[in-house]
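A.B. asks:
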Amino acid sequence: MRRAVIIGTGSALPARRVTNTELAETVDTSDEWIIARTGIEARYIAGEGETTASLATEAARKALDAAGIAPSAVGLIILATATPDQTFPASATKVQAALGINDCVAFDVQAVCSGFLYALSVAESMIRAGTADVAVVIGAETFSRILDWDDRTTCVLFGDGAGAVVLQAQDGERGVLATRLHADGRHNELLYVDGGPSTTGTVGKLRMKGQEVFRHAVTNLAKVTNEVIEAAGLSVADVDWIVPHQANRRILDATARKLGLAPEKIIITVDQHANTSAASVPLALDVAVRDGRIKPGDLLVLEAMGGGFTWAAAAVRY
9 MRRAVIIGTG
19 SALPARRVTN
29 TELAETVDTS
39 DEWIIARTGI
49 EARYIAGEGE
59 TTASLATEAA
69 RKALDAAGIA
79 PSAVGLIILA
89 TATPDQTFPA
99 SATKVQAALG
109 INDCVAFDVQ
119 AVCSGFLYAL
129 SVAESMIRAG
139 TADVAVVIGA
149 ETFSRILDWD
159 DRTTCVLFGD
169 GAGAVVLQAQ
179 DGERGVLATR
189 LHADGRHNEL
199 LYVDGGPSTT
209 GTVGKLRMKG
219 QEVFRHAVTN
229 LAKVTNEVIE
239 AAGLSVADVD
249 WIVPHQANRR
259 ILDATARKLG
269 LAPEKIIITV
279 DQHANTSAAS
289 VPLALDVAVR
299 DGRIKPGDLL
309 VLEAMGGGFT
319 WAAAAVRY
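Whatever position you read off the sequence shown (first residue = 1), add 8 for the numbering used here.
#1: Please give the ranges of any beta strand (DSSP E) in the stretch 72 to 119, keeping only runs that are unbroken, at least 3 residues long and fully inside the region.
#2: Would the beta-carbon of arginine 257 fall within 8 Å of that of threonine 46?
#3: If I'm right that alanine 106 touches glycine 16 with Cβ under 8 Å, what's the distance once you round it to whole angstroms?
#4: With contact counted as at least three CB pairs below 8 Å, one residue from each stretch, are the stretch 81 to 89 and the stretch 105 to 122 in contact?
#5: At which residues does the beta strand (DSSP E) containing leucine 307 begin and terminate?
#6: Helix, strand or coil for glycine 193 per DSSP?
#7: Given a cut-off of 8 Å on the beta-carbon distance, is the pair alanine 239 and alanine 191 in contact?
#8: Who are isoleucine 334's beta bridge partners in DSSP?
#9: Starting from the C-beta of valine 164, find all residues in its chain whose C-beta is less than 6 Å away, skip the five residues before and the five after it, and write them out in chain order.
#10: If we count Cβ pairs, one from each stretch, closer than 8 Å, do we get three or more for the stretch 280 to 294 versus the stretch 111 to 128?
#11: Using only the alpha-carbon positions, how far apart do leucine 199 and glutamine 254 sit?
#12: May I have the straight-line CA-CA distance separating aspartate 179 from methionine 9, to the nearest angstrom?
#13: Among Asn228, Asp116, Leu72, Phe317, which one has its Cα closest to the Cα of aspartate 93?
#14: Would glutamate 40 be called buried (16 or more neighbouring beta carbons within 10 Å of its own) or exposed?
#15: I believe leucine 155 touches lysine 213 by the beta-carbon criterion, under 8 Å. Please report the beta-carbon distance rounded to the nearest angstrom.
#16: Evaluate glutamate 311 with the Cβ neighbour count: other Cβ atoms within 10 Å of its Cβ, from every protein chain shown; 16 or more gives buried, anything less gives exposed.
#17: Go to tyrosine 52, then tell me how far its beta strand (DSSP E) extends in each direction, as first and last residue.
#18: Nearest-angstrom Cα distance between valine 26 and phenylalanine 317?
#19: So the candidates are Val297, Val35, Leu291, Glu181; which of them puts its Cα closest to the Cα of alanine 20?
#20: What residues match up with arginine 325 in a beta bridge as DSSP calls it?
#21: What separation, rounded to the nearest whole angstrom, lies between the Cα atoms of alanine 67 and isoleucine 146?
#22: Measuring CA to CA, which of Gly315, Val251, Glu33, Thr210 is closest to alanine 301?
#23: Between alanine 64 and the rest of its own chain, which residues show a CB-CB distance below 6 Å, the 5 nearest in sequence each way excluded?
#24: Relative to the C-alpha of alanine 32, which candidate in Thr210, Ser129, Asp159 has its C-alpha closest?
#25: Can you grab the Cα-Cα spacing for the pair threonine 91 / serine 99, in whole Å?
#26: Could you check if glutamate 181 is buried or exposed, using at least 16 other CB atoms within 10 Å of its CB as the buried criterion?
#27: How is the beta strand (DSSP E) around methionine 216 delimited, first residue to last?
#28: Near threonine 277, what residues of its chain come up, given a Cβ to Cβ distance below 6 Å and the 5 sequence neighbours on each side ignored?
#29: In the DSSP output, what is tyrosine 200 paired with across the bridge?
#30: Based on the DSSP secondary-structure assignment, which residues constitute the bridge partners of glutamate 149?
#31: Under the rule that 16 or more other beta-carbon atoms within 10 Å means buried, what is tryptophan 157, buried or exposed?
#32: How is the alpha helix (DSSP H) around threonine 162 delimited, first residue to last?
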């Protein structure tokens, strides 16, 4: 069976690392308050010259290097982001140009924190259909530029970064086994940005009702994880690693308990990177691949939930 196999991962972070203690110098908060409620210790904030596309390009280059694939072999680039460099054209085309690729399919996907999994599902479908043999799928964000830094309940949660995977069409047992995507637009007011080209003509700032988001996240993530495992013809006991969206340590812990999974099976990077939205799943994946925890043949479940609400999961034989 023709499958989309992950053959390389990469990630990129801005140069500036901001600890809770440093953040508390300008925001009415404290290291203890942030850790107790989120598990976050630090985040990376994009500086001058660092953009969603530049971070995405760096992550893509690293993934291509890890895969041993030349950019000229890439037939598809999908960039998941809610913070593009421009309203248009797609930031994926900026990545394409920066990689020196003159012609390939390149577009953005916007599903906020679930964006990478939406993009992965689209890329897998296109590879399975024969549209491309090699794809680069990226999640990249500069959420620091849409935060209200006077709102301590939201600004402490997010950071900037990028993660990428290279997918290659192969026959065999490895690759993306199943994906499941969901959305429910009735919950727009619980997590959104209060601006946009068609409404205010401005970028706007992130707004969130945290307690409501937490409740929906735990329920939806546990449900979609079970759903994708079943779709792959497997059981929770078969899963080697859960690579979740890194939103909040309490959400990760609560979801693991609901699934009956041991905490040591959860890849956690939220403490060092905070919530990087669409970048968080591929960023966590790259960390765990490079430190040796995730090995070829391991069964992974990637899962995320974001504004919309959107939520999604993928079962992958690495």
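Note that CB positions come from ideal geometry on N, CA and C, so glycine has one too.
Note that the structure is a prediction, hence the values are computed from the model and not measured.
C.D. replies: This is what the structure gives:
#1: 84 to 88, 113 to 117
#2: yes
#3: With a Cβ gap of about 17 Å, alanine 106 and glycine 16 do not count as contacting.
#4: yes
#5: 307 to 314
#6: helix
#7: no
#8: Nothing can be reported for residue 334: it is not among the residues displayed for the chain, which extend from 9 to 326.
#9: Thr37, Ile42
#10: yes
#11: 16 Å
#12: 5 Å
#13: Asp116
#14: exposed
#15: 7 Å
#16: buried
#17: 50 to 53
#18: 29 Å
#19: Leu291
#20: Gly183, Leu307
#21: 8 Å
#22: Reading off the sequence, residue 301 comes out as arginine, not alanine. Checking every option, the nearest Cα to that of arginine 301 belongs to Val251.
#23: Leu87, Val103, Ile146, Ala148, Ala170
#24: Asp159
#25: 9 Å
#26: exposed
#27: 214 to 216
#28: Gln254, Ala292, Val295
#29: Arg215
#30: Gly169
#31: exposed
#32: 160 to 163
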